[in-house]
């Protein structure tokens, strides 16, 4: 079947891939049926329940084997083998049936879904464009390397275990990269030294790569209790970490735009005119620092105070922008530059509010018990 890149062809490719992957290692979204078994009593006080034989065989268990028993907050009981067999998640990308422009998106999709091995194949041989796309994929992700490279295909393997980098470490790295871009741009605005911003594109790429890594780790944690346990977070906490990573990624985009405005239009940014938005930029930096620190400290009062300051800054920046629209600040061209400069600071504040709200949700979620007798208080 020829593929010309239309939506119908892409849908057919996906459906065909889903059909042929029924026996693949990657998990499906099928709902696992529940077996109901009767409790039995031995010795008058010990309750026992039998375990499914297929599960026993699959994990190589026998009489006397120790298994882990975990009581979940939902009231469910989780039973896991003490030694979990590593599952290799693999996928095959057939370039003969794939629109060329979709290869990068397919690779990223497999990466964030938790694939450990990706085999890219093309019957007539892979061309320079496909190899360039794969190199871009390797550059934009973490822990993926080429295992085997031949004329008609390439095998990509994951060398990074999902628990080797904690979610908190990646969030902190994203925070440092975002703030470094803005601080270097502010320094250039003051003294005109452009050198610290030479690697602007590379820093933004690192921010995106960290977000993709967190996306991958969270997806794997949601599917594997063992990975969830090694990451040291609950499933809800993992999802909240992903929400924070996406907020930081958006901040990275606006930080780069802010830096480009400063680099390209420094002469049009009159120090007297930008003094008000510059003050709120300092508020943003301090508030973001407070929110990130409280991922570890979990003092919700500090986060709420930071959120309130950001809300006040947004109100002031919106009023400043209205003034630009109504009265202008200098000539028309400079007014546009000044508006964009102010808008980027306002958006940085807005995404930090999103971050703070997620942090508050995490703290509040830790206080919620199954019933009143088990819940905690502030």
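Numbering (the working numbering), first residue to last: 7 to 384.
Don't be surprised by glycine CBs; every beta carbon is placed ideally from N, CA and C.
Being a predicted model, the structure only gives us computed values, none of them experimental.
field: Local Cβ density within 10 Å of residue 59, reported as buried at 16 or more and exposed below that
entry: Here residue 59 refers to the residue found at position 53 of the chain shown. With fewer than 16 other Cβ atoms within 10 Å, it is exposed.
message: Using 8 angstroms as the cut-off, can you tell me whether the region 221 to 240 makes contact with the region 326 to 335, which would need three or more C-beta pairs spanning the two stretches below that distance?
response: no
- request: Please go through the same chain and pick out, in chain order, the residues whose beta-carbon is closer than 6 angstroms to the beta-carbon of residue 121, but skip the five residues on each side of it.
  value: Translated into the one-based positions of the chain shown, residue 121 becomes position 115. If we look at residue 121 and ignore the five residues flanking it on each side, its Cβ neighbours are 95, 97.
- prompt: Closest to residue 179 by CA distance: which of 299, 320, 48 is it?
  reply: As a position in the chain shown, residue 179 is number 173, starting the count at 1. Measuring from the Cα of residue 179, the nearest candidate turns out to be 299.
task: Could you check if residue 303 is buried or exposed, using at least 16 other CB atoms within 10 Å of its CB as the buried criterion?
output: Walking along the chain shown from the start, residue 303 turns up at place 297. Residue 303 is exposed by the Cβ-count criterion.
task: Kindly identify the DSSP beta-bridge partner or partners of residue 87.
output: The sequence position of residue 87 within the chain shown is 81, counting from 1. Paired residues: 73.
- request: Could you give the DSSP three-state label for residue 31: helix, strand or coil?
  value: Counting from 1 along the chain shown, the entry for residue 31 is found at position 25. Reliability fails at residue 31, whose pLDDT of 37 lies under 50, so the model's placement of it is uncertain and no value is given.
query: How long is the line joining the alpha carbons of residue 64 and residue 71, rounded to whole angstroms?
result: By 1-based counting over the chain shown, the position of residue 64 is 58. By 1-based counting over the chain shown, the position of residue 71 is 65. Going from the Cα of residue 64 to the Cα of residue 71 covers about 14 angstroms.
message: Quick check on the burial criterion: 16 or more other C-beta atoms within 10 angstroms. Buried or exposed for residue 134?
response: Taking the chain shown and counting its residues from 1, the one referred to as residue 134 is at position 128. So residue 134 ends up on the exposed side.
- request: Use the C-beta contact count for residue 331: other C-beta atoms within 10 angstroms, 16 or more gives buried, fewer gives exposed.
  value: Translated into the one-based positions of the chain shown, residue 331 becomes position 325. By the 10 Å Cβ count, residue 331 comes out exposed.
message: Going by DSSP, what residue range makes up the alpha helix (DSSP H) through residue 330?
response: The residue you call residue 330 lines up with position 324 of the chain shown. Residues 306 to 333.
query: residue 272: which of 54, 211, 153, 199 sits nearest, CA to CA?
result: Stepping through the chain shown from its first residue, residue 272 is reached at position 266. Residue 272 has its Cα closest to that of 199, out of 54, 211, 153, 199.
task: Run the CB neighbour count on residue 374, radius 10 Å, all protein chains shown included, and call it buried at 16 or more, exposed below.
output: Here residue 374 refers to the residue found at position 368 when the chain shown is read from its first residue. It counts as exposed.
message: Using only CA atoms, which one of 171, 161, 189, 219 lies nearest to residue 127?
response: The count along the chain shown starts at 1 and reaches residue 127 at position 121. For the residues 171, 161, 189, 219, the minimum Cα distance to residue 127 belongs to 161.
- request: Would you check if the region 154 to 172 and the region 253 to 271 touch, i.e. whether three or more CB-CB distances between them fall below 8 angstroms?
  value: no
message: Need the endpoints of the beta strand (DSSP E) that residue 162 sits in, please.
response: Locating residue 162 in the chain shown gives position 156, where the first residue counts as 1. Element bounds for residue 162: 159 to 164.
Cβ contact check for the region 139 to 156 and the region 73 to 89: 3 or more pairs under 8 angstroms: no
query: With C-beta atoms as the reference, is residue 275 less than 9 angstroms away from residue 344?
result: Your numbering for residue 275 matches position 269 in the chain shown. Your numbering for residue 344 matches position 338 in the chain shown. Contact flag set, yes.
message: Suppose only complete runs of 3+ residues qualify. What are the beta strand (DSSP E) ranges in the region 125 to 204, listed by chain order?
response: 150 to 156, 159 to 164
message: Comparing C-alpha positions only, which one of 177, 174, 209 sits nearest to residue 187?
response: Here residue 187 refers to the residue found at position 181 when the chain shown is read from its first residue. Taking only the C-alpha atoms, the option nearest residue 187 is 209.
- prompt: Exposed or buried, which one is residue 255 when buried takes at least 16 other CB atoms within 10 Å?
  reply: The residue labelled residue 255 in the question sits at position 249 within the chain shown. By the neighbour-count rule (16 or more Cβ atoms within 10 Å), residue 255 is buried.
message: Can you give me the C-alpha to C-alpha distance between residue 294 and residue 177, rounded to a whole angstrom?
response: In the chain shown, counting from the first residue as 1, residue 294 sits at position 288. In the chain shown, counting from the first residue as 1, residue 177 sits at position 171. Distance between the alpha carbons of residue 294 and residue 177 is about 12 angstroms.
query: By how many angstroms is the C-alpha of residue 253 removed from the C-alpha of residue 386?
result: In the structure as shown, the chain starts at 7 and stops at 384, and residue 386 therefore has no counterpart that could be examined.
query: Does the beta-carbon of residue 277 have 16 or more other beta-carbons within 10 angstroms, so that it is buried, or is it exposed?
result: The residue labelled residue 277 in the question sits at position 271 within the chain shown. Looking at its Cβ environment, which holds fewer than 16 other Cβ atoms inside 10 Å, residue 277 is exposed.
query: Which value, in whole angstroms, describes the spacing of the CA atoms of residue 268 and residue 156?
result: Stepping through the chain shown from its first residue, residue 268 is reached at position 262. Stepping through the chain shown from its first residue, residue 156 is reached at position 150. Each residue's Cα considered, the two are about 46 angstroms apart.
query: CB-CB under 8 angstroms to residue 99, same chain, minus the five flanking residues each way: which ones, in chain order?
result: In the chain shown, the residue the question calls residue 99 occupies position 93. Once the five neighbours on either side are set aside, the close Cβ partners of residue 99 are 109, 112, 113, 116, 124, 125, 126, 127.
query: Nearest CA to the CA of residue 136: which residue from 163, 164, 105?
result: Within the chain shown, the letter at position 130 stands for residue 136. Measuring C-alpha to C-alpha distances from residue 136 to each of 163, 164, 105 identifies 105 as the nearest.
field: Delimiting residues of the beta strand (DSSP E) encompassing residue 54
entry: The residue you call residue 54 lines up with position 48 of the chain shown. Element bounds for residue 54: 52 to 54.
- prompt: Looking only at C-alpha atoms, which of 45, 266, 244, 232 sits nearest to residue 346?
  reply: Here residue 346 refers to the residue found at position 340 of the chain shown. Residue 346 has its Cα closest to that of 266, out of 45, 266, 244, 232.
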